[in-house]
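Quick notes on the structure that follows.
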DNA sequence: TATTAATGTCGAAGCGCTTCGACGAACCGG
DNA sequence: CCGGTTCGTCGAAGCGCTTCGACATTAATA
């Protein structure tokens, strides 16, 4: 491999000049720059990342912690990941992927200065990674909202507002008996932030609107979905509006409803909280509140890069939920409220 | 951040001694080692990855190219990824994730010595990345089989054998009219290796067994699956055995078959080629040939690490397919052949 | 007991890059 | 026409680590 000195020699300049051509941190005359550039691609020179990291204390790598936990939809995780990776490249950064949610990986990459910054997904209310990340010298952005962000920046869909929006939508259409088919029990047991926030929004709005909301946890399997639907139909047969917040279970919930004779979009209104592509690839185009996973990933990178470039106060960005009406919801027994 | 010199000073030894304690490359007496180790965790010392990379020309990072292409099942990709990441950690390596299939990313990370080795997924017959990887100084393992591996190691399920096995299984059960519902047209257009190999195996065995195999490409959408099923039933109504090689379409294929009145496991035998968990999470437990994605990922890492530790000739490892009978297949019109 | 071989530790020379201060040359206004 | 800028370039000092050769010690061998 050619080194910067080889390039300097070939171009007849000093190494620092080559470095400045590369970084643009000092003015270089056009002819010199041209000579250097010619030498660079004649030799096929690539700066050594480690040497660069050592000298500049910048790695141009960010870490992405994307725990592959049971109960969370893998395609949705990947949408976040894709957003992060894509946007990181726009900032000339690469992504180091950590799939275990252990704290050890975290301080390996931060302590060892392997990365310039951190993005962490799937944050729990009381996540052990948060204090560790807060103590690191690298800026961190959380996708999700812990109880105490400890000065870290956060970004997520405003699930609280999403919950309220979903209920309002159903109430406005005349539904008074509403249910949530939610995350798998494991997810709730972990106090995953987004699940709890949606439920809070739901309940708050239900109280305000004076309607009932029955909550049913649901495994992301055909069986789990069937059970959830069955117990719902058994314990709250008057239900006419269902909110589904579980990408994996959604198709099976719809299938079970069909088997049980409930016609979605007529007898039963269903609002999904999920990425748009998931909403559209069901048997019926679903009325849904979009979970803009890829965008959130991109915003996370934007935020973390901003903090890298200049000291900035931490901020929390909650994206406003957008509900799109499609064919899975209709007016309820009380008729449209206008 | 504490440096190795700080540790040396604190322990009253030279820096090289600290280094040798860390690497174990030279014998160090127990008391010295103890003093050094105490100093290390008193200071919270972490070696600087860049400095280490520069001095040792080892980064302890491997690159994983996992292009997120249309038509390939995201959960399946993630199983490969999970296998790679997990196993890499066993070798004390982290994973740099590249999701674009462009060659530029490839030589950024190899040329810049950002990684020690490479694992590339989703290999096409004539993949432009292959020659580039072959020219890199880092060892590379391909998950998939290009036309010309150019001295690189490869690992994959033996799709050729899988195709033959699937046909043999159906023929033995008395089916003579067999069909494949395969990958999406985009995947075939890209000449993705595994899709073509499965089809080759299928056809070879069909010729040998004297049966017909109708091949139907299939989008991984409800519509795509329905269309595939419909045209199959229209153009080859005598079909009694179907092989499905398309994780995304599988549930929709089964749904459509049900709608069309074909009882899977009785009228119609279906063999899936997919990961076991996918086979088990269908409406019926599917007879399937396992695609051991996570294992393949792990093997890829094992192979690449072996080449890293000692110069070894390249090898191609094709995992033997295993068919597990479950409830989606049964004897056909000609009855069991024994 | 003299000789050789481990064993344990140190010092110093890099690894390839960035960056700071310095310096000559060209350029400005007064 | 001269002091003060600005521009373009250079040299050298690190960044924090690994690793090689050297050098004492101590243990094993004859």
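Chains as they are written, first to last, in this note's numbering: chain A, 1061 to 1398; chain B, 1061 to 1398.
The beta carbon of each residue, even a glycine, is placed where N, CA and C say it ideally should be.
Exposure of residue i, with buried meaning 16 or more beta-carbon neighbours within 10 Å
| i | result |
| --- | --- |
| residue 1176(B) | buried |
| residue 1238(A) | buried |
| residue 1361(A) | buried |
| residue 1339(B) | buried |
| residue 1280(A) | buried |
| residue 1098(B) | exposed |
| residue 1061(B) | exposed |
| residue 1358(B) | buried |
| residue 1094(B) | exposed |
| residue 1304(A) | buried |
| residue 1393(A) | exposed |
| residue 1086(B) | exposed |
| residue 1380(B) | exposed |
| residue 1152(B) | exposed |
| residue 1382(B) | exposed |
| residue 1187(A) | buried |
Bridge partner(s) assigned by DSSP for residue i
| i | result |
| --- | --- |
| residue 1216(A) | 1378(A) |
| residue 1334(B) | 1350(B) |
| residue 1202(A) | 1180(A) and 1214(A) |
| residue 1124(A) | 1157(A) and 1179(A) |
| residue 1328(B) | 1324(B) |
| residue 1301(A) | 1238(A) and 1329(A) |
| residue 1272(A) | 1237(A) |
| residue 1077(A) | The partner list for residue 1077(A) (beta bridge, DSSP) is empty, contrary to what the question assumes. |
| residue 1383(A) | 1349(A) |
| residue 1295(B) | According to DSSP, which records beta bridges pairwise, residue 1295(B) is partnered with nothing at all. |
| residue 1252(A) | 1184(A) |
Supposed contact pair residue j and residue i - C-beta distance, whole angstroms, cut 8 Å
| i | j | result |
| --- | --- | --- |
| residue 1164(B) | residue 1119(B) | Residue 1164(B) to residue 1119(B), Cβ: 19 Å. No contact. |
| residue 1240(A) | residue 1275(A) | 5 Å |
| residue 1347(B) | residue 1384(B) | 7 Å |
| residue 1374(A) | residue 1331(A) | That belief does not hold up - the Cβ atoms of residue 1374(A) and residue 1331(A) are roughly 33 Å apart, past 8 Å. |
| residue 1320(B) | residue 1293(B) | 6 Å |
| residue 1265(A) | residue 1224(A) | 4 Å |
| residue 1481(A) | residue 1353(A) | No answer is possible for residue 1481(A): the residues shown for chain A start at 1061 and end at 1398. |
| residue 1161(A) | residue 1125(A) | 7 Å |
| residue 1414(B) | residue 1377(B) | Since the first residue of chain B shown is 1061 and the last is 1398, residue 1414(B) is not available in this structure. |
| residue 1130(B) | residue 1096(B) | With 8 Å as the limit, residue 1130(B) and residue 1096(B) do not qualify as a contact, their Cβ atoms being about 53 Å apart. |
| residue 1263(A) | residue 1247(A) | Actually they are not in contact, since the Cβ atoms of residue 1263(A) and residue 1247(A) sit about 18 Å apart, beyond 8 Å. |
| residue 1313(A) | residue 1296(A) | About 15 Å; that fails the 8 Å criterion. |
Test item: CB-CB of residue i and residue j under 9 Å
| i | j | result |
| --- | --- | --- |
| residue 1227(A) | residue 1397(A) | no |
| residue 1133(A) | residue 1308(A) | yes |
| residue 1344(A) | residue 1333(A) | no |
| residue 1253(B) | residue 1216(B) | yes |
| residue 1103(A) | residue 1067(A) | yes |
| residue 1122(A) | residue 1212(A) | no |
| residue 1229(B) | residue 1271(B) | no |
| residue 1046(B) | residue 1329(B) | Any property of residue 1046(B) remains undetermined from this structure, which presents chain B solely from 1061 to 1398. |
| residue 1183(B) | residue 1205(B) | yes |
| residue 1233(A) | residue 1261(A) | no |
| residue 1071(B) | residue 1077(B) | yes |
| residue 1342(B) | residue 1282(A) | yes |
| residue 1192(A) | residue 1167(A) | yes |
| residue 1156(A) | residue 1114(B) | no |
| residue 1110(A) | residue 1109(B) | yes |
| residue 1355(B) | residue 1143(B) | yes |
| residue 1203(A) | residue 1140(A) | yes |
| residue 1154(B) | residue 1169(A) | yes |
| residue 1219(B) | residue 1255(B) | yes |
| residue 1145(A) | residue 1367(A) | no |
Report task. Give the residues from the segment 1134 to 1147 of chain B that approach chain A closer than 8 Å (Cβ to any Cβ), ordered along the chain. Result -> Residues 1134, 1135, 1137, 1138, 1141, 1142, 1145 and 1146.
Report task. With 8 Å as the C-beta to C-beta threshold (strictly closer), list the residues of the segment 1338 to 1367 of chain B near chain A in chain order. Result -> 1341, 1342 and 1343
Query raised in the report: the segment 1093 to 1117 of chain B: which residues have C-beta closer than 7 Å to a C-beta of chain A, in chain order?
Result: Answer in chain order: 1106, 1107, 1108, 1109, 1110, 1111, 1113 and 1114.
Requested in this report: Select from the segment 1169 to 1190 of chain A all residues with a C-beta closer than 8 Å to any C-beta belonging to chain B, and list them in chain order.
Outcome: Within the segment 1169 to 1190 of chain A, the residues whose Cβ lies closer than 8 Å to some Cβ of chain B are 1169, 1171, 1172, 1173 and 1174, listed in chain order.
Query raised in the report: Taking Cβ-Cβ distances below 9 Å as the criterion, which residues of the segment 1150 to 1162 of chain A are in contact with chain B?
Result: 1154, 1155, 1156, 1157, 1158, 1159 and 1160
Query raised in the report: For the segment 1274 to 1291 of chain A, which residues have a CB atom closer than 7 Å to at least one CB atom of chain B, in sequence order?
Result: Listed by position, the residues of the segment 1274 to 1291 of chain A near chain B (Cβ gap below 7 Å) are 1281 and 1282.
**Report entry** Chain-ordered residues of the segment 1366 to 1382 of chain B with a beta carbon less than 8 Å from chain A
**Finding:** none
Query raised in the report: the segment 1294 to 1311 of chain B: which residues have C-beta closer than 8 Å to a C-beta of chain A, in chain order?
Result: For the segment 1294 to 1311 of chain B, which is checked against every Cβ of chain A, the residues closer than 8 Å are 1311.
Query - Members of the segment 1325 to 1336 of chain A that neighbour chain B once the beta carbon cut-off is set at 7 Å - result: Hits within the stretch: zero.
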